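Protein sequences appear in the order of chains F and G. Just so you know, we're using the numbering used here here: the first sequence kicks off at 134 and counts up by one. Just so you know, we're using the numbering used here here: the second sequence kicks off at 33 and counts up by one. All C-beta atoms, glycine included, are put in the ideal place defined by N, C-alpha and C. A quick note: this is a predicted structure, and the numbers were derived from the prediction, not measured. Below is one structure, written out as structure tokens, with a few remarks after it.
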Amino acid sequence: MLTEATGQPLDRVDGRLKVMGGARYTAEWDLPGLAYGALATSAIAHGKVRALDIKAAQQAPGVLAVLTYLNAPRLQPMPEKVGGTLFRGEGGITETLQPLQDATIAYAGQPLAVVVADTHEHARYAASLVHITYDEAAPELDRATASRQTLPEAFTGSKEEPLQVTVGDPRAALAAAPVKLERVYESAITHHNPIEQLATIARWEKRNGADYLTMYDTTRGVDTLQEVIAASLNLPKDNVHIICPFIGGAFGSKGWLYAPALLTAMAARVAGRPVKIELRRQDMFSTAGQRGATRQTLSLGATRDGKLTSLQHDTQAQTSMVSGYVEPCARVSRMMYAVPNLGFAHHLSHLNLPSPCPMRGPGETVGGWALECAIDELATELNLDPVELRLRNYADKNPETGKPFSSKHLRECYARGQELIGWAARNPKPRSMREGNSLIGYGVATTMYPAARREASARATIFADGRALVQSATHELGNGAYTIFRQVSADALALPLDRVHFELGDSALPKAPTTGGSATTATIGPAATAASQAVLSALKKVAILDKKSPLFGATEDAIEARDGRLVRKANATQGETYEAILKRAKRPSISAESTTKPGDEREQFSFYSFGAVFAKVRVDEASGSVRVAQLCAVYDVGRLMNPQTARSQFIGGMSMGLGATLMEATHYDDRNGRAVVRNLADYHVPSMADTPDIIVEALNIPDPHISVQGARGIGEIGCVGTPAAITNAVFHATGQRLRSLPLTPDKLLKALAS
Amino acid sequence: MHPFQYQRSESGSQAVAIVAKDSDAAFIAGGTSQVDLLKEGVHQHSLLVDVAGLPLRQINDFEGGVRIGANATNTEAAYYPAIQARYPAVSEALLAGASVQIRNMATMAGNPLQRTRCPYFRDLDQPCNKRTPGSGCAAIGGYNHVHALFGASAACVATHPSDLAVALSALDARVQTTGPRGNRTIAFPDLHRLPGTTPHLDTILEHGELITSIDLPAFAGRSHYLKVRERASYAYALASCAVALEMDGAKIKRARIALGGVAHKPWRATPAETLLAGQQPTEKLFQAAAAAAFADAKPLEHNAYKIPMGRNLLVRALLETSGLQPLQGPAGTAFAASVGGMAGQVATPN
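Now the structure itself:
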């Protein structure tokens with residue numbers, strides 16, 4: 134009998150390939166006749182191109198073409214919506230600026246020309262020779278004084294994600310509350326900075342007289358990109374093919390900003406040969422998306438014994454002039470605590486800065502930080518243990534919608550987390566603990582992530598040699614998709630793992646959504662299972678009708694798949710292998726496709742993952758340096774598909790949360806809107822020396838309602854919660870509240886001097 | 033990257049001759065900084081003369097001190113036993129800088145010649161007098177978080193990024209060069225310039241002048257380097273300091289202090305040095321010295337934090353060098369140099 138593969142801590146099936154350099158990433162594809170593109174970008178943040186002098190670039194060695202707004206192919210407007218996701222307008226997810234269509238400049242670093250040459254070096258040198266003059270206007274760079282300020286209705290147009298909500302009467306309840314707390318929290322602009330920069334290769338061909346475009350792209354949304362490219366270039370969707378088998382990290386980038394891909398398609402069109410554009414690291418700070426800065430006001434009202442009576446969370450977010458993207462900061466506040474009067478608002482200022490987009494835990498990472506810091510401050514006000522305050526406001530149902538949670542075991546997370554960090558042994562008094570030169574502090578935060586599930590399709594094929602292939606147009610961005618969907622498929626097909634392959638990252642495969650929102654496990658897992666079951670059902674029909682089969686004449690219900698065989702449930706000795714059935718039927722293979730989607734359960738339950746994060750920090754008071762001594766988390770994320778890849782997701786997310794807390798920030802010059810930090814020497818992400826051994830446990834209790842797997846997604850929950858746990862630990866260490874991310878030494882020194 | 037010619041040199045004199053006759057030519061050795069600047073278009077040389085193959089890699093005992101060949105790698109120098117034992121500030125500064133991979137490539141002559149980390153210097157779309165003389169200084173009035181407290185000018189507020197240079201300054205190392213006008217010896221504190229009206233010139237080296245060795249003079253005292261940075265590894269100093277103390281019994285005979293991350297060159301804290309000479313080491317004395325060291329600091333909009341940080345750092349460096357407080361890790365290692373230490377519970381080796 135085969136052991137179930139799902140739930141086993143298996144090595145990544147693509148691990149060896151990646152380590153040996155065999156996994157081919159976008160920029161590594163080589164096509165015959167490939168040419169190379171390089172960008173010339175705007176030096177100014179607001180205004181118009183006055184003149185573009187491209188003569189020197191055109192005459193530089195190896196140059197094949199120079200595209201500017203004056204000669205580039207015309208593009209259709211960015212679609213209003215793709216796959217139900219709002220693209221245009223306030224709350225829309227993408228940048229709507231179609232590149233090289235006119236002289237308008239919305240932000241510094243905006244692409245203004247593409248130079249195509251025979252080598253990468255020739256292209257980049259020639260791009261440096263493009264001479265641009267400007268009619269410069271004063272850039273708008275201040276959220277508070279921006280001339281275009283809006284109140285977006287819903288995040289990405291989703292009815293599940295209203296951005297302006299009032300339940301009960303939070304203001305009156307606050308006014309009447311015996312204990313009140315109002316605090317302002319600010320967070321810096323941060324960048325995803327995956328190690329693989331954005332890249333695209335585009336190749337045009339004529340097929341049956343029609344234009345056909347193949348693109349290798351670093352996208353985590355092959356189907357979405359296919360639609361955007363087809364709509365923008367006015368091509369039938371089926372004439373656009375997007376390929377991306379491996380992504381070198383995304384973290385929210387590589388999903389929703391399309392200028393680099395469109396520029397490559399346009400450049401290949403004009404040059405008449407395949408073109409590759411790989412962004413420079415500097416360009417990642419302008420054309421690859423970012424998390425916008427926020428200013429958040431948390432107003433809490435509570436009784437003296439720590440029952441929340443009012444919670445209002447107001448966010449001032451920022452976006453570019455050519456996007457409606459808003460950081461949805463109340464995603465945690467809207468569901469975390471049992472509070473009768475609850476409100477949140479999102480206010481959006483349009484600035485002459487590059488466009489933001491989702492970044493790991495969009496809204497949750499910085500919004501949850503603000504909420505969980507405010508809760509900690511309230512605990513101090515009330516002289517209550519911060520865990521106890523959270524337990525006193527424990528929500529058994531969603532406070533906004535009233536729906537019960539599908540599966541929630543957060544109390545166990547708090548309890549186990551306290552054991553792991555040694556919570557009870559600390560001295561709870563702030564600024565009471567020391568080791569050598571360091572102040573010591575402990576902090577806690579609750580974490581969560583919405584357990585999304587979306588519609589997706591998959592196809593399963595069983596071959597006459599006994600192997601099987603399951604396919605879906607999802608993505609491998611380091612998340613372990615190849616591994617866990619092979620595990621899920623092998624179990625559904627009753628085959629050993631090494632006889633099943635899983636393919637993804639190709640728009641020609643059955644449709645899947647953009648990988649994001651921690652939805653992939655709950656979305657693709659059921660589709661892979663359903664397709665596997667469907668192909669077994671088809672195989673059963675073949676056997677049932679075959680007089681030579683031991684299963685001849687049986688009903689489908691009376692047959693089950695076991696160890697690579699179809700057998701009669703009543704007598705497992707009566708049966709045969711998949712190969713035997715197919716070979717006798719003279720069929721090389723048999724396939725079936727299935728589409729699955731969430732159903733009525735979404736109306737009945739509120740789907741979330743939960744967790745508790747605990748941090749111990751050392752603060753060197755003389756220098757303002759913070760180091761994380763210990764980081765522990767206990768998560769309630771449903772059933773784990775693979776504890777080993779899951780652990781990587783958790784600790785990766787927590788490390789990213791640690792970076793956002795202590796060091797990550799992109800500064801823009803407040804005079805001209807240019808990014809001042811534009812490389813990985815000056816934009817700090819955590820090094821190994823910044824990252825302690827992270828202790829992670831998961832309860833591994835299946836969610837009975839989310840899907841057949843009982844698994845909720847885990848890509849982002851690690852990033853959420855970690856910032857508040859560390860910030861609260863810094864308070865416990867120093868007695869000072871820091872309300873501005875990141876907690877760099879300059880801010881610590883200032884706070885400690887006060 | 034601008035197109036350039038590349039040539040391997042056969043000898044020091046040949047390298048000097050070739051570079052001297054082409055005003056846009058430059059030397060390249062480890063390339064860890066030079067190549068970045070070429071790729072970003074900040075350096076646009078016509079010709080690179082590779083000196084990495086020249087026989088300048090030896091590290092030897094020399095006149096009671098140590099002679100470090102210009103081409104010795106940062107790693108080789110950091111772990112050279114006589115340096116680690118007798119000049120721990122040098123090893124600490126090296127090992128608290130860059131990454132293992134970079135230290136394995138970077139040379140000892142190249143390290144002190146790296147260019148500023150002022151972000152405006154690296155952005156061709158921003159004015160910068162250091163990159164393009166006469167274009168202006170974007171950092172004055174811009175984002176000047178990592179900029180200078182001392183010796184800046186109206187033309188430039190950049191700081192020098194090298195950790196090594198700070199230690200070499202405090203130890204009064206000597207730089208041996210060969211150039212178009214022959215050989216000379218430069219006292220390390222004189223190697224780098226203040227920006228004045230010529231911030232495009234980082235050092236007093238003439239065009240075509242090649243460093244052949246860096247000599248550590250005989251030294252019987254204690255030395256130590258401390259560094260604060262925004263992450264625990266692989267980051268430039270927000271502030272740093274190197275201290276060299278020579279004792280006469282229980283009293284300080286001579287103190288030398290160089291501050292890093294605060295000026296266009298390693299900044300010798302002469303008032304503090306004077307104050308310490310002949311005194312009995314105490315925490316109170318060190319606080320007075322630190323106050324004196326920073327008395328003339330002139331902060332910009334975003335870098336005033338460096339004053340308390342620098343003072344605190346200097347007090348700690350003096351306490352640790354004099355033995356009034358223990359080092360945070362073994363002398364001559366990154367553990368001793370890194371303020372805050374590493375994340376995690378693991379005790380630093382001591």
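Asked                                                                                                       : Found
Cβ neighbour criterion (16 or more within 10 Å) applied to Lys162(G)                                        : buried
Within 7 Å, strictly: CB atoms of Ala363(F) and Val355(F)                                                   : no
Beta-bridge partners of Ser742(F), as assigned by DSSP                                                      : Tyr582(F)
First through last residue of the beta strand (DSSP E) which encompasses Met279(G)                          : Ala271 to Asp280
Chain F contact for Glu315(G) (CB, 7 Å cutoff)                                                              : no
Sub-7 Å separation of Ser840(F) and Ala623(F) beta-carbons                                                  : no
Unbroken beta strand (DSSP E) run spanning Ile328(F), endpoints                                             : Careful: Ile328(F) lies outside any beta strand (DSSP E) and carries neither H nor E.
Best match in Ala766(F), Ser670(F), Asp371(F) and Gly576(F) for proximity to Arg751(F) [C-alpha to C-alpha] : Gly576(F)
Contact residues within the region 44 to 78 of chain G, judged by C-beta distance below 7 Å to chain F      : Gly73
Against chain G: residues of the region 854 to 885 of chain F by CB proximity under 7 Å                     : Thr877, Pro878, Asp879, Leu882 and Lys883
Proximity test, Cβ basis, 7 Å: Gly361(G) and chain F                                                        : no
Check: Tyr741(F) C-beta below 6 Å from any heavy atom of the ligand NAP                                     : Judged by which ligands are present, the structure shown has none, so any question about the ligand NAP falls away.
Check whether Met399(F) and Ala205(F) have beta carbons under 7 Å apart                                     : yes
Contact with chain F by Gln377(G), beta-carbon distance below 7 Å                                           : yes
CA nearest to the CA of Ala190(G), picked from Leu270(G), Gly85(G) and Ala282(G)                            : Leu270(G)
Proximal residues of chain F, C-beta to C-beta of Gln158(G) below 7 Å                                       : Arg807
Start and end residues, beta strand (DSSP E) containing Glu315(F)                                           : Val312 to Ser320
Where Thr380(G) sits in the DSSP three-state scheme                                                         : Since pLDDT at Thr380(G) reaches only 47, below the 50 mark, its modelled position is unreliable, and no value is offered.
Check whether Pro244(F) and Thr174(F) have beta carbons under 7 Å apart                                     : yes
Min CB distance Ser419(F) to chain G below 7 Å                                                              : no
7 Å Cβ cutoff, Thr380(G) in contact with chain F                                                            : Caution is warranted here: a pLDDT of 47 is assigned to Thr380(G), below 50, making its placement in the model unreliable, and no coordinate value can be reported.
Nearest-angstrom beta carbon gap, Tyr318(F) and Arg872(F) [assumed within contact, 8 Å]                     : 5 Å
Range covered by the alpha helix (DSSP H) that runs through Ile115(G)                                       : Pro113 to Arg118
Spatial distance of Gln763(F) from Ser571(F) (CA atoms)                                                     : 14 Å
Whole-angstrom distance between Gly569(F) and Ile265(F), CA atom to CA atom                                 : 57 Å
Contact check, Gln234(F) vs Asn367(F), beta carbons under 7 Å                                               : no
Minimum Cβ-Cβ distance from Ser724(F) to chain G less than 7 Å                                              : no
Where Arg213(G) meets chain F, residues with beta-carbon distance less than 7 Å                             : Within chain F, no residue comes near Arg213(G); the closest Cβ sits about 35 Å away, beyond 7 Å.
With 16 other Cβ atoms within 10 Å as the buried cut-off, status of Ser123(G)                               : buried
Euclidean distance between Cα positions of Thr252(F) and Asp155(G)                                          : 24 Å
Opposing strand residues paired with Arg424(F) [DSSP bridges]                                               : Thr323(F)
Min CB distance Met186(F) to chain G below 7 Å                                                              : The sequence shown places Asp at residue 186(F), not Met. Closer than 7 Å: no.
Neighbour list for Val633(F) in chain G, Cβ cutoff strictly below 8 Å                                       : Neighbours of Val633(F) on chain G: none; closest Cβ ~39 Å, over 8 Å.
Cβ neighbour criterion (16 or more within 10 Å) applied to Ala557(F)                                        : exposed
Collapsed DSSP secondary structure at Asp631(F) in the structure displayed                                  : helix
Near-chain F residues of the region 139 to 165 of chain G - C-beta to any C-beta below 9 Å                  : Arg149, Pro151, Tyr152, Arg154, Asp155, Leu156, Asp157 and Gln158
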